[in-house]
Structures are given as structure tokens and as C-alpha cells.
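Residue numbers (the numbering used here), protein chains in the order written: chain A, 33 to 538; chain B, 33 to 538. Here's the structure we're looking at; comments come further down.
There are 2 protein chains.
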Amino acid sequence: MPFANMGNAVPRFLRSSNQFLASLRTASAAKVLVKENINPQVITMQYAVRGPIVIRAVEIEKELEKGAKKPFKSVIKANIGDAHAMGQVPITFNRQLLSCLANPALMKTANYPSDVVEHAKVLLDACGGRSCGSYSQSPGLDIIRKHIAEFISKRDGFPCDYENVILSGGASESIRNVLKLFDRRDAPKQSGIMIPIPQYPLYSASVAEFGLGQVGYFLHEESNWSLEEKELERAYQESLKKYNTRVLCVINPGNPTGQVLSRENIETIIKFAHRHHLFLMADEVYQDNIYAKGSKFYSFKKVINEMGAPYNQMELASFHSVSKGFMGECGLRGGYVEFFNLDPEVYVQFKKMTSAKLCSTVLGQAAMDALVNPPKPGDPSYDQWLKEKTAVLASLKERATLVKEAYGSIDGIKCNEVQGAMYAFPQIMLPRRAIEKARSLNMEPDFFYAMQLLEATGVCIVPGSGFGQKEGTWHFRTTILPQTAMMKDMLERFKSFHTKFMKEYK
Amino acid sequence: MPFANMGNAVPRFLRSSNQFLASLRTASAAKVLVKENINPQVITMQYAVRGPIVIRAVEIEKELEKGAKKPFKSVIKANIGDAHAMGQVPITFNRQLLSCLANPALMKTANYPSDVVEHAKVLLDACGGRSCGSYSQSPGLDIIRKHIAEFISKRDGFPCDYENVILSGGASESIRNVLKLFDRRDAPKQSGIMIPIPQYPLYSASVAEFGLGQVGYFLHEESNWSLEEKELERAYQESLKKYNTRVLCVINPGNPTGQVLSRENIETIIKFAHRHHLFLMADEVYQDNIYAKGSKFYSFKKVINEMGAPYNQMELASFHSVSKGFMGECGLRGGYVEFFNLDPEVYVQFKKMTSAKLCSTVLGQAAMDALVNPPKPGDPSYDQWLKEKTAVLASLKERATLVKEAYGSIDGIKCNEVQGAMYAFPQIMLPRRAIEKARSLNMEPDFFYAMQLLEATGVCIVPGSGFGQKEGTWHFRTTILPQTAMMKDMLERFKSFHTKFMKEYK
Numbered sequence: 033m034p035f036a037n038m039g040n041a042v043p044r045f046l047r048s049s050n051q052f053l054a055s056l057r058t059a060s061a062a063k064v065l066v067k068e069n070i071n072p073q074v075i076t077m078q079y080a081v082r083g084p085i086v087i088r089a090v091e092i093e094k095e096l097e098k099g100a101k102k103p104f105k106s107v108i109k110a111n112i113g114d115a116h117a118m119g120q121v122p123i124t125f126n127r128q129l130l131s132c133l134a135n136p137a138l139m140k141t142a143n144y145p146s147d148v149v150e151h152a153k154v155l156l157d158a159c160g161g162r163s164c165g166s167y168s169q170s171p172g173l174d175i176i177r178k179h180i181a182e183f184i185s186k187r188d189g190f191p192c193d194y195e196n197v198i199l200s201g202g203a204s205e206s207i208r209n210v211l212k213l214f215d216r217r218d219a220p221k222q223s224g225i226m227i228p229i230p231q232y233p234l235y236s237a238s239v240a241e242f243g244l245g246q247v248g249y250f251l252h253e254e255s256n257w258s259l260e261e262k263e264l265e266r267a268y269q270e271s272l273k274k275y276n277t278r279v280l281c282v283i284n285p286g287n288p289t290g291q292v293l294s295r296e297n298i299e300t301i302i303k304f305a306h307r308h309h310l311f312l313m314a315d316e317v318y319q320d321n322i323y324a325k326g327s328k329f330y331s332f333k334k335v336i337n338e339m340g341a342p343y344n345q346m347e348l349a350s351f352h353s354v355s356k357g358f359m360g361e362c363g364l365r366g367g368y369v370e371f372f373n374l375d376p377e378v379y380v381q382f383k384k385m386t387s388a389k390l391c392s393t394v395l396g397q398a399a400m401d402a403l404v405n406p407p408k409p410g411d412p413s414y415d416q417w418l419k420e421k422t423a424v425l426a427s428l429k430e431r432a433t434l435v436k437e438a439y440g441s442i443d444g445i446k447c448n449e450v451q452g453a454m455y456a457f458p459q460i461m462l463p464r465r466a467i468e469k470a471r472s473l474n475m476e477p478d479f480f481y482a483m484q485l486l487e488a489t490g491v492c493i494v495p496g497s498g499f500g501q502k503e504g505t506w507h508f509r510t511t512i513l514p515q516t517a518m519m520k521d522m523l524e525r526f527k528s529f530h531t532k533f534m535k536e537y538k
Numbered sequence: 033m034p035f036a037n038m039g040n041a042v043p044r045f046l047r048s049s050n051q052f053l054a055s056l057r058t059a060s061a062a063k064v065l066v067k068e069n070i071n072p073q074v075i076t077m078q079y080a081v082r083g084p085i086v087i088r089a090v091e092i093e094k095e096l097e098k099g100a101k102k103p104f105k106s107v108i109k110a111n112i113g114d115a116h117a118m119g120q121v122p123i124t125f126n127r128q129l130l131s132c133l134a135n136p137a138l139m140k141t142a143n144y145p146s147d148v149v150e151h152a153k154v155l156l157d158a159c160g161g162r163s164c165g166s167y168s169q170s171p172g173l174d175i176i177r178k179h180i181a182e183f184i185s186k187r188d189g190f191p192c193d194y195e196n197v198i199l200s201g202g203a204s205e206s207i208r209n210v211l212k213l214f215d216r217r218d219a220p221k222q223s224g225i226m227i228p229i230p231q232y233p234l235y236s237a238s239v240a241e242f243g244l245g246q247v248g249y250f251l252h253e254e255s256n257w258s259l260e261e262k263e264l265e266r267a268y269q270e271s272l273k274k275y276n277t278r279v280l281c282v283i284n285p286g287n288p289t290g291q292v293l294s295r296e297n298i299e300t301i302i303k304f305a306h307r308h309h310l311f312l313m314a315d316e317v318y319q320d321n322i323y324a325k326g327s328k329f330y331s332f333k334k335v336i337n338e339m340g341a342p343y344n345q346m347e348l349a350s351f352h353s354v355s356k357g358f359m360g361e362c363g364l365r366g367g368y369v370e371f372f373n374l375d376p377e378v379y380v381q382f383k384k385m386t387s388a389k390l391c392s393t394v395l396g397q398a399a400m401d402a403l404v405n406p407p408k409p410g411d412p413s414y415d416q417w418l419k420e421k422t423a424v425l426a427s428l429k430e431r432a433t434l435v436k437e438a439y440g441s442i443d444g445i446k447c448n449e450v451q452g453a454m455y456a457f458p459q460i461m462l463p464r465r466a467i468e469k470a471r472s473l474n475m476e477p478d479f480f481y482a483m484q485l486l487e488a489t490g491v492c493i494v495p496g497s498g499f500g501q502k503e504g505t506w507h508f509r510t511t512i513l514p515q516t517a518m519m520k521d522m523l524e525r526f527k528s529f530h531t532k533f534m535k536e537y538k
């Protein structure tokens, strides 16, 4: 490597054609940091929701802005659970509240309802110097932790101590913080983390980033993505060859699969976790997004407590967020973890770890307060708040049905009922020739399909391979978030592409 | 372990005295997660700025609220660079802008200056669905990245490509993300990270959390915490026995030491880093906080470019934040990293890694926009903005002088000039008997001193041992943030405590 020690300072006489390119390559080996010597976990991890298809979608959007001619006029992003980006309107109460925190002068001048002003006052009083620009304590403002604890107590019918609640920048940050506790790269066997397949790729990405062991258990597509004990048992037993499996993650309602677990199912899962001495992580960020008749949300905390001893002694971390539900405030980054039965010494370590991140955004914390402590009947803001909340949830329900019916009617697509959450995960019966074509391009077949769909129609979905799926099956995740007119447009574009695609590769 | 499999369900007959406690201990061994089996890096890491002294300070505050009698009426928190909590008033322009993003209706109704409304419109146009509640792209909103790039170009006189800028929740998150790239627990030698001693404990905490090797280089207290080549060389050479040392972190202006590096000094550092093929990390979050006569801020990016080849080929990551400077918006969580000469493949990996965190808070990003893209001369908001900015910086300068003079006049305290940033790091000449007393309590002597100070006066500072210091010397970090009246009160309390303490342990 003749130029290994000279940085990128390529001598001028070399700056031509191939010689120049070759020298650049050699010179780039002189970088301190190259792909070959960075943290290998970073290379391993993947996060499909923002992967290459989405990157291409953003490029196409920019091309369209610059006047490029395409067979479509807009990109429809059904790749990510981002409600406002798809036209959902913010809840007025929340935004009035946040604007008061941002500019307290508005509490006098903006002519807001009195409950908004009072609510803002309570939160400001809890901020250092009465400013949302001061750090909160690392776990969040006590007053908001208390409101969250009251919300949980009321929801479950069991007490919740606010000391067990920690706020974070969205639920993702909390989930990552909890997973990080289990990293035992120093031990003979790394900790195994049981996650559903298909799963939300935050889990696989974080498991990879922290060097943990991914233990996938398959959801049963034929019975609407149910979670079956036999499969949990198989996955657990097989994992033990390689890992010290210690955690069971459950996403309910399901992402990307949209199922809602029944109470019986949750009991079975809890018993399984207890039998194998597993730490439970319950991702319940879609708890307000329940659409199907007969479906109801049961929190793991509630069921574990109703089951009594010994189950009510189990360790549980459950997660919630302002990004989903009816507020859909992804950009504000508010979320929390509630611990139950966590070892006090472990909790001290957890709080110490999060303290180095200082605190989560105070305005994100305030949005969480608006979620768990909304206007009450009789408050000036109550009627409008209720009307807006109800309208958002009703519209999501309508679109959940629309998506299932639309995809269900297309030849070569199978789509389960969207019982909850914000996604459908339809199966595509890809023709053999399409699979071969994809393989010849070194692509996953559903990635190939999704990329073709994007280039032909502007519709952006995420291939099932990013979430995991049974070998030999192909899926995609689509959100149900485009507003009804756009959703109909999207389904039209999709149907027309799919028909052509199937014909081409038949 | 007779009760190992029964969770915490201790039989009633055991619930007394020692037997009960012993059984509890056995039962707690049945937890999935105990201190003995969590991620050992989490146990190792420490973050003194929010350590035991601060936890006790918060407790004392709660005790005072409940009417407890103490020899003081309030806790003064000089432990953390949290300007608003210490009475600094937010910049009006920033807060009007944020309130428009929170509630766009205000753009019509609030009677704000027209430049605020136009600024808000530009940012909202860049948000999905024109809402700050939608996710941004993971690196942040392009328009804000472009404004940051313009700010950097103007500051340094060298071009900055916005593609090299990534926003984050405060600078801390970016610093942690960059450090994470170097984690090579898989390699024969872990990456060594050179950090100043004393240092801001975010560095030591993150280095420990990621299992990296901490390579401390001592700042030279006698010459106002200067950074000397000989000491860099010593630290580097010694580190090689244990680590593959790859990174040099510099904090300028210094935290906790308040020094401002001269241009010559920066050149020396850059040459040293080049000679040893080190990746440069420049923590420049205090770039607006320069007080001393003759001191000036030079960015590493500027100096590296002015030095020309081969130095302008070096890899550099530099960091900035809305939390410090004149805005002091810690709670909003806005910050960025700018990469220079980063290997493009590494950058792809970095962006992939941050994408799993979705995005930083959009309102925190907007605050960063307000910092780098403030009102211009002639804009309706300009005069007020300039007046407020100037007043904050002038007041900080006044307090920087006040602190140095006050501590400098106390017997048994040595205090360097606070040239910049927001802290002083005075040395305490602890009497031998105080050191022995501390040791007998299994405490660091400066921790003992700080805890006594807190209990006696309510003044909360951070012991030097949390930042690192030369063996046998003892310090503390205090912010210069309490407003002038409170600052004077704090200095009175401190002086009276210190005199008594020195007398007691003479």
C-alpha cells in the first residue's frame, strides 16, 4: 500500500483516469475509519422501515419536484406509521397546550380555553425556571410520571407507582434501553431475545446492534397471525443451543401484522414466560388502535395482576407512545416504559444509564401528558377533544376495513383482517419467474416486487423480508394511514401494477 | 436456594426479622434480571453530573417543600449547565417560532412579527403533512440541514455540504453515535478514545457503556488548563499497550475547565492527531460562550482547512447544540454533528444506525434552525433578538468574572480564569484530616466536601472526581449560571461553609 500513510493527498501527477481512481482507493484505505474497521454490529443491523426502498422513494419525490416525468404525480408513503404526514390533523387540545409551553405569553393573549391554560400552568410550574427549555430530571417531570401512573392504574384496575415510570424520546428509546441491559457479550452465551416473526424491525435492529441473540417465534398467518404456545416452545428450546434466552417480546396490537391478542392468548403467553423464567417486554403502543368487532385491548400488566401469584411476581416492562393511537405525534418524540417487579438494584443501574442521556424532550413529555391526562367531561376543551379523537379512530377503523377488503379482492394477494394497530401485512403469491428474476438480481423477491411497485406507481411499501416471514412466503407491510381518498388512489395504483406484474412473470 | 423458584411469594410464617430478610434475598435471586447478570458496561459507567449529590439535592428540595427545617431556604443547583432552570429567559424569537409550529393557527391569530410567521411557514412546508408531528427523515429536515451548512460555511469561510450534517436530540446523542462506531469488542485490542482529564463525563460514561478504552490526557491546570503536546504524546504512547487508540476528543471551550484553545494550540493538536492517524472529535457546543479578553473561538473545521494538505484530508466530527450558547434550550433537545472527510461507506452505515432511532424531535430541530438562521438586520424581530442575545452573553461574562474573583479570594481555593463555556473548576486544598475522614467513610475527599456543602448550605456542585483530576488534587465544578443575585448568595453560603470546614479539619 504505497499511499497508505499519506491521507487522501494524492499527488497531482496521478490525477488521471484509472491510475487516479486506483490511487483514491488506496488512499481511502488510509482513513482512520473504514467499513472494515467499524463496530461490526452496526454493519449487521438493518432497519427496513427506512431502508433502500424508502431512500429511493425520497429520491423520486425530489425528482418529481424538479419536474421529472413519471407515470405518476406523487409518491404515496405507506411505509411508515406516520399519521400526520398522511394527512391526519393534530388534536387541538394537545397543540394549544404545547404552544403555551413554547410561548407562555400565549396563556394570556391567545384566548385559549381555560383548561388548556391551567394545564399548561401545572406543567410549567414543574419545569426548572418555569421553562420547557430546562432539563427535566432524567426519568422525566414527576408530575407527568404521576399522571401516567394514574392513567395506568385506571386502565388496569391495579395500582401503579409513578417511580416505576420513565419517559423517553418515543417508545423506541425505552425499548432499546431495556434491551441494552441484557447485552452479555462477556458471558459464554449471549442473552437470547424472543421476538415475533414478522416483527417490527426496531427489535431485530437493536438486537443486532447490541450483539444480542435473536430468537424468532413465528406468528401463525393462517389464524390471523395468532401467537401459539407450541411455536413459542419450539423457538425457545431451539434457541438454548446457542443462547441464554431471557426475554420474551410481544407486540400487541401487532406490528406489522395488525392482530389483537385475546385475553386467553395473553394468559398462555404469560404462563409460558413464567415456566421458562423469561423477562416480559410488552410493546403496547397501539393500545388505542382497536378496530375489529370482538377485539379488545388487554394490557400485560392487567392480565398478570388478575392471574395472581406466582404470575404477579413476574418482571415486566411495558411501553407506550404519543406517536400512534389517535394523536399520531411521531415528530414530538414522547414515550415511556413502565417497569413492574424490576429488581431495585437493576432499576438503579437503569436510571444511571439513562441519566447520561440527560433527559427526553420536555415538549415530548408534555404531549405524553396530554395523552394520559386529557380534558375531562365538563372541561371547556372536552367536547372538541372527544369529537376529534372519535373521528380519528373511526376513520382509521374505516380504512382498516377498506384495506383488508381491497387487498383481499386482488388475485394473488391474501390479506388478514386488520384487527388493530396501523398496518396490513398481505401475502403476495409471487410467480416462480418473478422469484428467479429477483434472485438473478441478488434481491429478495418481495424487495424486487416493492421496488418495481415504487418505480411504476410511486407507492412506497416495505417488503416482508424486512420484518421476517416463513421461508418461501412473501409479504409487504402497508400502513392504513393515507386518508380515504389517497388510500383509494393508492389501491387503484397497486391493483393495476399487480395485475401487470403477475401477467409479466406468469 | 430453597425459594429460588417461587418468585417473591414468601410464605407468611417466614415474614419476620432476619429470617424474612434472608428469604427475600433468596427470593430476589429468582428474578430474571439482577445486578449480577445485567450488561456489565452499564454497571461500570458513571455520570457524575447527575450522580448521588444531585439525587440528594433533589431530595432536600422535596424536604424543604414539605416544610423541613434546614439552615437554608433553597437549594442552588450549580451542578448542571441548565441556564433556564437558573433564571435565564428564553429568546423571544425562538419561542414565538416554536409556538407557531406547535399551533399553526397562531400564524394568523397571534399578531407575531412577520419574519416569525414566514420562518415558521418555511419549516412547516418542509414537514410531512405540514405538521411537526410527522417524522422527519432520520438525519433531520433537509431545509434545516441546509441552514446549518450555511451557518458553518459562513462561520469558517469554507464550504459545508448539508449532506454531511445530521441532527440529533442534543449534541450528546451525536457524540454517543459517533463513539459507538469505534466499538470493537470483537478485535484483539479495543479502540482507545483520547479524552481530556478533567472531562465532561458524557465521554467517560459513553466510553464505558460501549466497552471502549478510555485514554485520558491531562490538561495543565497551572497554565489555565492548557492542552499540551507532550502530555498528548505520553497518553497516546502509554495507551498502545492496551488499546488500538483511534480517536482524539477535544472539548473547546472546555467543560468543566472553561479554557478556550488558541489557534496555535489547535494547530498543534491537529498535527499530533495527523501524526498518529487519529479521528478527531471536536465538541464545540460552547462556541458562543467566549468571555476572556483575547480569547476567540476557532472551529477545528476552519483550522484544519486553513492548514491545507495533508491536514485538510483528516476525518473530523464536530458537534453543536441549542442547549448552551445564548439560547440555553436544554429541554428542547436539539443538536447536530457535522462530518468532514468521513468515508462514504462509513457514512452509509452511520445513517443506517441512526435510522433505527427514527428521528430527533422536530421541535428540537426547529430550535436549531432558530440558532443557525436567526433574524437578519432589517427583519422585524432583529432588534429584539440582538438585544436579548447580547444581554445573555454580557451577563454570562459578568458572572464568569464574578466567580473567578470570588473563589480566587477564598483561602484554600485556587481558581483559573473562566475564559469560556459555563463552568469554573476550582481546586480545593483539602486538609489531611478531611481527607482521612472521607477515606474512613469510603468516599472520595471532594465528594465528602461537596456532600457536606450541600447538607450545610443547599449549594449543589459536582466533585472533581466525577470529571477526573490529577491524583492528590481535589476540585469541584460549578456552573456560572445562577443569575447575579443568586450567584452572590451562593458565593456567600460557600465562603461561610468553606471557612468552617477548613477550621474543623485543620
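All C-beta atoms in this analysis are idealised placements derived from N, C-alpha and C, irrespective of residue type, glycine included. Given the structure is predicted, the values throughout are model-derived calculations rather than measurements.
Hey, is B:Ala237's beta-carbon within less than 8 Å of any beta-carbon in chain E?
-> Given the protein chain composition of this structure (A and B), no chain E is represented.
A:Gln222 at chain B interface by Cβ criterion, 8 Å = no
Sort A:Lys303, A:Ile298, A:Glu68, A:Cys192 by Cα distance to A:Val369 and report the nearest one.
-> A:Cys192
Spell out whether any CB of chain A is found under 8 Å from the CB atom of B:Leu155.
-> no
DSSP bridge partner residues for A:Cys492 (one or two, in chain order) | A:Lys109
How should B:Ile87 be labelled, buried or exposed, when 16 other C-beta atoms within 10 angstroms of its C-beta is the threshold for buried?
-> exposed
A:Ser204 versus A:Leu293 - alpha carbon distance = 21 Å
First and last residue of the uninterrupted beta strand (DSSP E) at A:Met226 = 223–229
Spell out whether any CB of chain B is found under 8 Å from the CB atom of A:Asp411.
-> no
In terms of residue numbering, what span does the alpha helix (DSSP H) encompassing A:Gly202 cover?
-> 202–212
Three-state class that DSSP yields for B:Ala426 in the structure shown | helix
Exposure label - A:Ala219; buried when at least 16 CB within 10 Å = exposed
Could you tell me whether the region 344–361 of chain A touches the region 308–318 of chain A, using the rule of 3 or more Cβ pairs below 8 Å?
-> yes
In chain B, which residues lie less than 7 Å from A:Ile127 when you measure between Cβ atoms?
-> Note that residue 127 of chain A is Arg in the sequence shown here, rather than Ile. The contacting residues are Ala134, Asn135.
Against chain B: residues of the region 73–85 of chain A by CB proximity under 9 Å = Gln73, Val74, Ile75, Met77, Gln78, Tyr79, Val81, Arg82, Gly83
Where A:Lys67 meets chain B, residues with beta-carbon distance less than 9 Å = Asp375, Glu377, Val378, Val380, Gln381
Would you check if the distance between the CB atom of A:Asn209 and the CB atom of A:Ser223 is smaller than 8 Å?
-> no
For A:Thr489 versus A:Phe104, is the C-beta spacing smaller than 8 Å?
-> yes
In the DSSP assignment, what are the bridge partners of A:Cys281?
-> A:Met313
Can you find at least 3 beta carbon pairs, one from the region 281–291 of chain B and one from the region 402–422 of chain B, that sit closer than 8 Å?
-> no
So which of A:Asp215, A:Ile493, A:Gly202 has the shortest CA-CA distance to A:Val394?
-> A:Gly202
May I ask you to report which of helix, strand or coil DSSP gives B:Lys532?
-> helix
Proximal residues of chain B, C-beta to C-beta of A:Phe539 below 8 Å = A query on residue 539 of chain A cannot be resolved here, the shown segment of chain A reaching from 33 to 538 and no further.
If you draw a straight line from the alpha carbon of A:Ile302 to that of A:Arg217, how long is it in whole angstroms?
-> 27 Å
Which first and last residues belong to the beta strand (DSSP E) in which A:Ala219 is found?
-> No beta strand (DSSP E) contains A:Ala219, which DSSP labels as neither H nor E.
Taking B:Arg278 as the query, report the chain A residues whose CB atoms sit under 7 Å from its CB, ordered along the chain.
-> Val64
Identify every residue that forms a DSSP beta bridge with B:Ser258.
-> B:His252
Chain-ordered chain B contacts of A:Lys532 [CB-CB under 8 Å] = Here the premise fails: no neighbours, minimum Cβ distance about 29 Å.
Does the beta-carbon distance from B:Val494 to B:Leu485 come in below 8 Å?
-> no
For B:Arg365, name the three-state secondary structure that DSSP assigns.
-> coil
Closest by CA to A:Asp147, which one among A:Thr124, A:Tyr323, A:Arg162, A:Gln169?
-> A:Thr124
Going along chain B, which residues have a C-beta under 7 Å from A:Ser131?
-> Ser131, Ala134, Asn135, Leu138
Can you pull the DSSP bridge partners for A:Glu370?
-> A:Val197, A:Ser350
Under a CB-based cut-off of 8 Å, is A:Val394 close to chain B?
-> yes
Have a look at B:Asn344 and B:Leu211 and give me their C-alpha separation to the nearest angstrom.
-> 22 Å
Do you know whose CA, among A:Val282, A:Gly161, A:Arg187, lies nearest A:Leu234's CA?
-> A:Val282
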